[in-house]
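In order, the protein sequence lines correspond to chains A and B.
Each residue of the first sequence is one higher than the one before, counting from 1 in this note's numbering.
Each residue of the second sequence is one higher than the one before, counting from 1001 in this note's numbering.
Glycine included, C-beta positions come from ideal geometry on N, C-alpha and C.
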Amino acid sequence: MPSAPPASAAPLRLVICGSVDHGKSTLVGRLLAETGTLPEGKVESVRAACARRGVDFEWAFLTDALQAERDQNVTIDSAQIVLKAPGRDIVLIDAPGHEEFLRNMITGAATAEAALLLVAADEGWRAQSRRHAFLLGLLGLRRVAVVVTKMDRVDYSAQVFRDLRAEGEVLLGALGLEPFAWVGVSARSGAGVTSAGPEMPWQNATVLATLTACAPGAAAAEAALRFVVQDVYRQDGRRLVAGRVESGRVSAGDAIVLWPFHKDATVASIERWPQPGAQTAGVGESIALTLAEPVFVERGYVLSHPSAPPAVSNQLHASIFWIAPTPLALGAEVRVKLGTQQVAARVASLGRAFDPGREMPEQASAAEVPPNGAAEVVLQLHAPLVFDRHDHIAALGRFVLLLGARIGGGGIVTQAEPAVRLATKSANITESAGSITAAERTRRHGHRGAVVWLTGLSGAGKSTLARGVERELFARGSLVTVLDGDNLRRGLNSDLGFAPADRVENIRRAAEAARLLAEAGCIVLVALISPYRADRAAARRIALEGGCDFAEVFVRAPLAVCEQRDPKQLYRKARAGLIKQFTGIDAPYEEPEDAEIVVRTDEVGVGEATELLVAEIVRRTRA
Amino acid sequence: MTHLDSLEAESIYVLREAAHHFQKLGMLWSIGKDSCAMLNLVRKAFLGRVPFPLVHIDTSFKPPEMIEFRDRLVREWGLQLIVGRNEPALTAADTFPAGRRTRVECCGLLKTEPLRATLAAQGFDAVIAGIRRDEEGTRAKERFFSPRGVANDWNVKQQPPEFWGQFQTDFGPGTHVRVHPLLHWTELNIWEYIEREGIEVVSLYFAKDGRRHRSLGCWPCTGTFESQATTVPEIVAELRATRLSERAGRAQDAESEGAFEALRASGYM
Ligand SMILES: Nc1nc2c(ncn2[C@@H]2O[C@H](COP(=O)(O)OP(=O)(O)OP(=O)(O)O)[C@@H](O)[C@H]2O)c(=O)[nH]1
Ligand SMILES: [Mg+2]
C-alpha cells in the first residue's frame, strides 16, 4: 500500500488590496483561472452571468459573487478563496477598494500574513491606496509586494511603471513599508499574471512567481507565555480553565501568575479530549488547564510565568483606526476588548488624529478621529487591563474598541511596562481573605475606595489642595483621608532619608498604606512630591493589584512660582546649599505625561481647583 | 502545529466564544460530514460534553440511512436533538417535484421555513452552522459570527467588522447570530480530519457500484457521481485530484444565477 501523502500544509494567507476599481478582483479571477484552480463549469457560469447583464466577460465575477457586486461592478465584502499555486496553496483574500467598505477590507486583511498592494497604471496612487497601505502597517503586515495593474491602458510603458514605483517607494517608505517586489500586469490581456509575455520586455517578473516566492511566515520565536482564559468549566468536581495559548508554552508543573490580580498558582495538568495528551501546549493551542491551588479564576484572566509578566495598568497608550460611521470624540466612553478582557474606557487624550488617505497633518492633538481615520490615543480604563506592547506579543498588544455593542475600531498598544513583582522576603505566607466584599463596603459608604495620587513640586499646592478636597468630601459624607509626605516621614517612614533608594521605599510604603485604606473603602488622597515616573507607576500598580482605582493628579506650577511661594522656606535653604538633593534645584522632577487630572495652581485659585478635583473624584468613585 | 491542528484550535476558540456569549445556543446538524466533524470539535472544545441541543431540519426527503445514522448517534452519545419539519407543506405535498414547486422554492419551504420556526419556538439567540468558505461564492464572504435579522434575513451588504478574534455578538432583540466555526476549512481538510480523528460518517459517502455522494441533501435534488473511493483515505486521494465542484450534484444551485444567494439572504444556511 502506498503511504498516505502528508496532510495539507498551512496555506499562505495573502490579501489583495488597493483603491477601488484598480483591478484586484480581476487579477484574482485571472490567477484562479490560469492556475487551474477553478472547478469545472465555473468560467462558463460567469460567462453566462456577464451575457445576461450585457457586459463583456468580467474575471472579477469569480469572486464578486453577490448580485449587488455584479450589478455595480464593485466588491462589497472581502472574499477568501484558495489558489492552487505550484508547490503550495495560497488563500487569496480579495478586499474591497471602496472607501465605504474599509471595515470589510480590515476584516479580510487582519487575517493575512502578506499583501499585494495594487495600483492602476492609468490612475496612479489614490487616497484609498494610502489608507490601505497605512492599515497594512498597522495590522502588522510587513511582507508587501506592489502590483501595477492595467498596464495595457498605458501601452505597457516602462516609464509609467518606473514613475509609479518611484512615487510609491516614497509614499510607502513614510509608512515604514518596503515592498519585496514590484510587478507590472494587465489582468485583461494576461501579461505578467502567470507568464511574462512579450508586452513588457523590460520585466521578467510575474504575479504568480511573486506569490510563490513569498515564504510562509516564520514561526513566532519562543516568546513569553500568555494563556488567555475564555471560560471555566466545572466537570466532575474539577475546574477546567479553558483558553488559548497566545504565546509561549505552558506545561504541567509550571509556576504561573494570574493577572491582573497577581495571584500565584501552579499548573496541575493540561486537559484535552478524548485524551489529555502531552502535558505541555504551545502557541495557538486551544486547551484547558487545572490548577493545583483553589484560586479563583474567571474569563479575562491572563496567565504568565513569574519571570516574564505582562503589563497591568488602567491606562493604555495606543495607535488606533476608527471605522464607525461617526467620529470618535475626545472624552468619549468606549469599551476595550483585548483577548477575552473587556473594560470600559474613556478617550483621555487624542494626539495626531488624521485621515491616512492624506498627507500627515502637523498638529499634535485633535478633538476627534474622523470615520476611516486614525490617531494616537491614551485610553483611561475603568478597571485594570493586562496587555503587552504589540511588537512584543502581538496577541496581547491589539484590541478592538466597542461603541455600544458595535465594533467601531481597533488599535495596537504602543507602550507597556511589565508589571514588577515585589519580592516577598518571608516564605510560608498564606494570604487570608475576609468575607466582607468590596460591594458591601461600597453600599455602606455610598462610594468606592480609591487612591488619588497628587504629585508636584514642593510648594505647588499638593497639601493645600488635598486638605481642601478632604474637607469637601467629608462634608458630603465620604470616608476620606490624606496621606501627606511630611507626616509619613514622622512615623511610618521615619527611618528613611532622601537618597534614591530611600525615596523609592518612601513611595512604596505610602502606596501600600494607601492601598490598605482604599481596600477598606476609603478615598485616600496621597500628597507626595514623588518626582520619578517609575515610582508613580509602581504606586499605580500597587493600587491596581489591590483592585483599587488609581488616579494621578499633576499639581502643576512652574518652578519659579513655587520658589517664590516657598511656604516652608525650603527653596531658600536649597539655594543656599543648606539642603542637598532638593527636587527642582539639584534633583530632577519628571513631569507626568499621562496624569488623569492636571491642576494648574498658577492659573486657577484653590477654590476652583478643589471643585474640579472633587467633581472628578466623585465621578470615579460613584457606587 | 500542523494546518489541521490550527484549524481545529481556531474552531474550538470560536465554539467556546459562542458558548460564553449566548444564553440559548443550538447547533444545526445536517448529519453530513461537516456536521460530524463539527460534533467532534464541540466535544474537544467542551472536554467531552455537548453543552447545547442539536437541531435537525427534517425535509422528509433525506435518504433513510441518514435518519438511522442520526438516531443511532443521538442514542449512543446521549445527545439532545430537536427536529424541525414543515408539516403543513409536507401534508399538502407542496414540494418539489410533486407540488409543482421549483427546487429553490422547495428549499425555502422545507428548510428555511421550518428552520425559522424552530429557532423562534426555541428562542435561540445563536445557532452554530457548519458552512465553509470554499463551498460557494457568498459563503466565501461570511463572518464567524454572522447576524440574522428579525425575519432571519442576512444583510450581506452590512456585515459587521470582525478581526483579531473579536466578534460582535449583540445585534438587538429578535435577531440571532449564526456561528460558523468551520469557515476556514476546505472540503479536503474535513476529510483529512475525519481520517485523522477516526470520525464516523454516513455510508452514503462511500462508493457503491462505482458511484458515491459528495454532498448529502434531499434525494430528489442530490446526485451521486462516479467514484471508486470506498474508504476515507481513498476519498482524500480523490479530492486532491478532482476539479469537480462539491455542490455540482446539488441541482437547486444551478436553477438560476443568484438563486442560492437569495435563499441564504432569506435565512438558509
Ligand atoms: N484595461 C484593463 N481593465 C482592467 C484590468 N483589470 C481590471 N480592469 C477593469 O477594471 C474594472 C474594475 O476591476 P475590478 O477587478 O472589479 O476592480 P477591483 O479593484 O476589484 O474593484 P473593487 O473591488 O470594487 O475595489 C473592471 O471593469 C475590469 O474589467 C486591466 O488589466 N486592464
Ligand atoms: Mg474587487
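(Q) Can you pull the chain A neighbours of Val-1156 of chain B, defined as C-beta to C-beta under 8 Å? (A) If you number the second sequence from 1, residue 1156 of chain B lands on position 156. Under the 8 Å cutoff, chain A gives Leu-66, Ala-68, Ile-76, Asp-77.
Q) Should Arg-1133 of chain B and Ala-1140 of chain B be called a contact, given that it needs their Cβ atoms to be closer than 8 Å? A) Reading the second sequence from its first residue, position 133 is the one you call residue 1133 of chain B. Reading the second sequence from its first residue, position 140 is the one you call residue 1140 of chain B. The answer is yes: Cβ separation under 8 Å.
Q) With respect to the beta strand (DSSP E) encompassing Val-386 of chain A, which residues constitute its N-terminal and C-terminal limits? A) Working through the first sequence from its first residue, we reach residue 386 of chain A at position 386. Note, Val-386 of chain A: beta strand (DSSP E), 373-387.
Q: List in chain order: all unbroken beta strand (DSSP E) runs of 3+ residues lying wholly within the region 1099-1181 of chain B.
A: 1126-1128, 1145-1148, 1176-1179
**Q.** CB contact check: Met-1269 of chain B to chain A, cutoff 8 Å
**A.** Residue numbering aside, residue 1269 of chain B sits at position 269 when the second sequence is read from its first letter. It does not; no Cβ of chain A falls within 8 Å.
Q) Which residues of chain B have a Cβ atom closer than 8 Å to the Cβ of Leu-240 of chain A, listed in chain order? A) If you number the first sequence from 1, residue 240 of chain A lands on position 240. Leu-1047, listed in chain order.
Q) Ala-288 of chain A CB to nearest chain B CB: under 8 Å? A) Position 288 of the first sequence, counting from 1, holds the residue named residue 288 of chain A. Taking Cβ atoms only, chain B reaches closer than 8 Å to Ala-288 of chain A, which makes this a yes.
Q.
Any heavy atom of ligand 2 closer than 7 Å to the beta-carbon of Pro-276 of chain A?
A. Here residue 276 of chain A corresponds to residue number 276 of the first sequence, with the count starting at 1. Not so, every heavy atom of ligand 2 lies at least 7 Å from the Cβ.
**Q.** Cβ-based neighbour list, Ile-1057 of chain B, same chain, cut-off 6 Å, excluding 5 preceding and 5 following
**A.** For this step, residue 1057 of chain B is matched to residue 57 along the second sequence. Residues Gly-1084, Lys-1111, Pro-1114, Leu-1115 of the same chain have their beta carbon placed closer than 6 Å to that of Ile-1057 of chain B, with the five preceding and five following residues left out of the count.
Q) Cβ of Lys-24 of chain A less than 8 Å from any chain B Cβ? A) The residue given as residue 24 of chain A occupies position 24 in the first sequence. It does not: the Cβ of Lys-24 of chain A has no partner Cβ on chain B nearer than 8 Å.
Q) With a Cβ-Cβ cutoff of 8 Å, do Asn-104 of chain A and Gln-1159 of chain B count as a contact? A) Numbered from 1 along the first sequence, position 104 holds the residue referred to as residue 104 of chain A. Numbered from 1 along the second sequence, position 159 holds the residue referred to as residue 1159 of chain B. The criterion of a C-beta distance shorter than 8 Å is satisfied by Asn-104 of chain A and Gln-1159 of chain B.
Q. Could one say the Cβ of Trp-624 of chain A lies closer than 8 Å to chain B's Cβ atoms, at least one of them?
A. The first residue shown for chain A is 1 and the last is 623, placing residue 624 of chain A beyond what the model contains.
Q: Figure out for me which residue from A:Val-185, A:Ala-166, A:Ser-189, A:Gly-184 has the closest Cα to the Cα of Glu-178 of chain A.
A: Looking up residue 178 of chain A in the first sequence gives position 178. Comparing Cα-Cα distances from Glu-178 of chain A to each of A:Val-185, A:Ala-166, A:Ser-189, A:Gly-184, the minimum goes to A:Ala-166.
Q) Can Ala-121 of chain A and Val-144 of chain A be called in contact, C-beta distance under 8 Å? A) Sequence index remark: in the first sequence, residue 121 of chain A carries index 121 (1-based). Sequence index remark: in the first sequence, residue 144 of chain A carries index 144 (1-based). No, Cβ-Cβ distance for Ala-121 of chain A and Val-144 of chain A is not below 8 Å.
**Q.** Proximity test, Cβ basis, 8 Å: Phe-1176 of chain B and chain A
**A.** Reading the second sequence from its first residue, position 176 is the one you call residue 1176 of chain B. Per the sequence shown, residue 1176 of chain B should be read as His rather than Phe. No, His-1176 of chain B does not count as interfacial toward chain A.
Q.
Does any residue of chain A have a CB that is nearer than 8 Å to the CB of Ala-1018 of chain B?
A. Taking the second sequence and counting its residues from 1, one reaches residue 1018 of chain B at position 18. It does not: the Cβ of Ala-1018 of chain B has no partner Cβ on chain A nearer than 8 Å.
Q: In angstroms with no decimal places, state the Cα-to-Cα distance between Tyr-532 of chain A and Ala-366 of chain A.
A: Within the first sequence, residue 532 of chain A is the residue found at index 532, counting from 1. Within the first sequence, residue 366 of chain A is the residue found at index 366, counting from 1. Using only the alpha carbons, I get a separation of about 28 Å.
Q | Close-in-space but distant-in-sequence residues of the same chain around Gly-137 of chain A (CB under 8 Å, 5 per side omitted) | A | Indexing the first sequence from 1 puts residue 137 of chain A at position 137. Excluding sequence neighbours, Gly-137 of chain A sits near Leu-175, Gly-176, Leu-177.
Q) Ends of the beta strand (DSSP E) at Glu-333 of chain A? A) Working through the first sequence from its first residue, we reach residue 333 of chain A at position 333. Where Glu-333 of chain A is concerned, the enclosing beta strand (DSSP E) stretches over 333-338.
**Q.** Beta-bridge partners of Gly-1223 of chain B, as assigned by DSSP
**A.** Residue 1223 of chain B sits at position 223 when you count from the first residue of the second sequence. DSSP lists no partner for Gly-1223 of chain B.
Q) Thinking C-alpha only, which one of A:Val-283, A:Val-250, A:Glu-271 is nearest Arg-238 of chain A? A) Counting from one through the first sequence, the residue named residue 238 of chain A turns up at place 238. Per the Cα distances, A:Glu-271.
Q | Residue interval of the alpha helix (DSSP H) (run including Gln-159 of chain A) | A | Counting from one through the first sequence, the residue named residue 159 of chain A turns up at place 159. Segment 158-173, the alpha helix (DSSP H) holding Gln-159 of chain A.
Q: Please state if the CB of Gln-1166 of chain B and the CB of Lys-337 of chain A are separated by a distance shorter than 8 Å.
A: The residue you call residue 337 of chain A lines up with position 337 of the first sequence. The residue you call residue 1166 of chain B lines up with position 166 of the second sequence. It is a contact, given that the beta carbons lie within the stated cut-off.
Q. Alpha carbon to alpha carbon, how far is Arg-226 of chain A from Val-599 of chain A?
A. As a position in the first sequence, residue 226 of chain A is number 226, starting the count at 1. As a position in the first sequence, residue 599 of chain A is number 599, starting the count at 1. Cα to Cα, the separation comes out at about 39 Å.
Q | Contact between the region 1015-1022 of chain B and the region 16-33 of chain A (3+ Cβ pairs under 8 Å) | A | no
Q.
Once the 5 residues before and after Thr-442 of chain A are set aside, which same chain residues still bring their CB inside 6 Å of it?
A. Here residue 442 of chain A is taken as the residue at index 442 of the first sequence, counted from 1. These residues qualify, in order along the chain: Arg-448, Ala-623.
Q.
Please identify, using Cβ separations under 7 Å, the residues of the region 388-411 of chain A that lie next to chain B, in order along the chain.
A. So the list reads Arg-398, Val-400, Ala-405, Arg-406, Ile-407, Gly-410, given in the order they occur along the chain.
Q. How many Å lie between Ser-1245 of chain B and Lys-1157 of chain B at the Cα?
A. Indexing the second sequence from 1 puts residue 1245 of chain B at position 245. Indexing the second sequence from 1 puts residue 1157 of chain B at position 157. Straight-line Cα distance between these residues: approximately 26 Å.
(Q) Does Phe-1124 of chain B pass the burial test, meaning 16 or more other C-beta atoms within 10 Å, or should it be called exposed? (A) Taking the first residue of the second sequence as position 1, residue 1124 of chain B is located at position 124. Counting Cβ neighbours within 10 Å, Phe-1124 of chain B comes out buried, since at least 16 surround it.
Q) Gly-339 of chain A and Glu-246 of chain A look like a contact to me (Cβ under 8 Å); what is the Cβ gap, rounded to whole Å? A) As a first step, residue 339 of chain A must be located in the first sequence, where it is residue number 339. As a first step, residue 246 of chain A must be located in the first sequence, where it is residue number 246. Between the beta-carbon of Gly-339 of chain A and that of Glu-246 of chain A there is about 7 Å, and that keeps the pair under the 8 Å contact cut.
Q. Can you list every residue whose CB sits closer than 6 Å to some heavy atom of ligand 1, going in chain order?
A. A:Val-20, A:Asp-21, A:His-22, A:Gly-23, A:Lys-24, A:Ser-25, A:Thr-26, A:Glu-58, A:Ala-60, A:Asn-73, A:Val-74, A:Thr-75, A:Pro-96, A:Gly-97, A:His-98, A:Thr-149, A:Lys-150, A:Asp-152, A:Arg-153, A:Ser-186, A:Ala-187, A:Arg-188
Q: Answer with yes or no whether the minimum CB distance from Pro-1181 of chain B to chain A is below 8 Å.
A: Residue mapping note: residue 1181 of chain B aligns to position 181 of the second sequence, counting from 1. Output row for Pro-1181 of chain B: interface = no.
Q) Under a CB-based cut-off of 8 Å, is Asp-1170 of chain B close to chain A? A) In the second sequence, the residue the question calls residue 1170 of chain B occupies position 170. Closer than 8 Å: yes.
Q) Taking C-beta to C-beta, are Trp-202 of chain A and Gly-168 of chain A nearer than 8 Å? A) Residue 202 of chain A sits at position 202 when you count from the first residue of the first sequence. Residue 168 of chain A sits at position 168 when you count from the first residue of the first sequence. Not closer than 8 Å, so no.
Q. Do the region 518-526 of chain A and the region 536-552 of chain A touch if we need at least three Cβ pairs shorter than 8 Å?
A. yes
Q. Cβ-heavy atom distance between Asp-264 of chain A and ligand 2 below 7 Å?
A. Here residue 264 of chain A refers to the residue found at position 264 of the first sequence. Asp-264 of chain A Cβ: outside cutoff for every heavy atom of ligand 2.
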